[in-house]
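A.B. asks: Going from the sequence shown to the numbering used here is simple: count from 1 and add 13. Don't be surprised by glycine CBs; every beta carbon is placed ideally from N, CA and C. For clarity, every value in this text was computed on a predicted model and none was experimentally measured.
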Amino acid sequence: MSFPPADETVELDQPCPIRDVLDRIGDQWSLLVLEALSAGTMRFNELGRSIGDVSNQMLSRTLKRLEQDGFVSRTLFAEVPPRVEYALTDLVRSFLTPMQAMIRWADEHHRAICAARHRARELEGGGR
């Protein structure tokens with residue numbers, strides 16, 4: 014680990030890049046939204062159906078956060094009724110390969126992780 018020279022100002026209000034990004038993509042819905050949008054542009058209800066059990070409120074909140082971080086673009090069409098489409102940005106496209114690898118890893122190892130959790134509970138006497 015290196016430290017800045019003594020005469021250099023350290024920005025204490027800057028978050029750790031790793032924690033900051035993992036905080037966004039590590040929530041319950043963001044990766045699922047990004048994975049769904051990797052198939053192409055979608056409207057809100059189509060995206061919700063693609064993900065499955067996400068509430069409209071949570072999907073809306075997740076999309077807003079992903080848009081604020083520059084991961085998702087939102088296009089509003091001046092039509093009646095209004096039409097809104099969501100798509101991945103170029104910024105997040107560079108993350109698709111590692112994201113999809115992480116999703117595959119989780120799918121492949123989820124049973125082993127659940128079994129380890131179960132064994133740990135048994136050892137702790139919880140047995141739940």
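Would the beta-carbon of F57 fall within 9 Å of that of L35?
C.D. replies: Here residue 57 refers to the residue found at position 44 when the sequence shown is read from its first residue. Here residue 35 refers to the residue found at position 22 when the sequence shown is read from its first residue. In this structure, L35 does not lie closer than 9 Å to F57 by Cβ.
A.B. asks: Name the two residues that bound the continuous beta strand (DSSP E) containing E98.
C.D. replies: For the purposes of this step, residue 98 is taken as the residue at position 85 of the sequence shown. Here the beta strand (DSSP E) through E98 covers R96 to L101.
A.B. asks: Helix, strand or coil: how does DSSP classify S86 here?
C.D. replies: Looking up residue 86 in the sequence shown gives position 73. S86 falls in the strand class under three-state DSSP.
A.B. asks: What are the boundary residues of the alpha helix (DSSP H) that includes F57?
C.D. replies: Within the sequence shown, the letter at position 44 stands for residue 57. Unbroken alpha helix (DSSP H) run through F57: F57 to I64.
A.B. asks: Please report the Cβ distance between V105 and L45, rounded to the nearest whole angstrom; I am assuming they are in contact, meaning their Cβ atoms lie under 8 Å.
C.D. replies: As a position in the sequence shown, residue 105 is number 92, starting the count at 1. As a position in the sequence shown, residue 45 is number 32, starting the count at 1. The Cβ separation is near 14 Å, so there is no contact.
A.B. asks: For A71, which residues in the same chain have their Cβ closer than 7 Å to its Cβ, ignoring the five residues on either side in sequence?
C.D. replies: The residue you call residue 71 lines up with position 58 of the sequence shown. For the sequence presented, residue 71 should be read as Met rather than Ala. The answer, listed in chain order, is W42.
A.B. asks: One question on the structure: do S68 and M55 come within less than 9 Å of each other, judged by their Cβ atoms?
C.D. replies: The residue labelled residue 68 in the question sits at position 55 within the sequence shown. The residue labelled residue 55 in the question sits at position 42 within the sequence shown. Cβ distance not < 9 Å, so S68 and M55 don't count as in contact.
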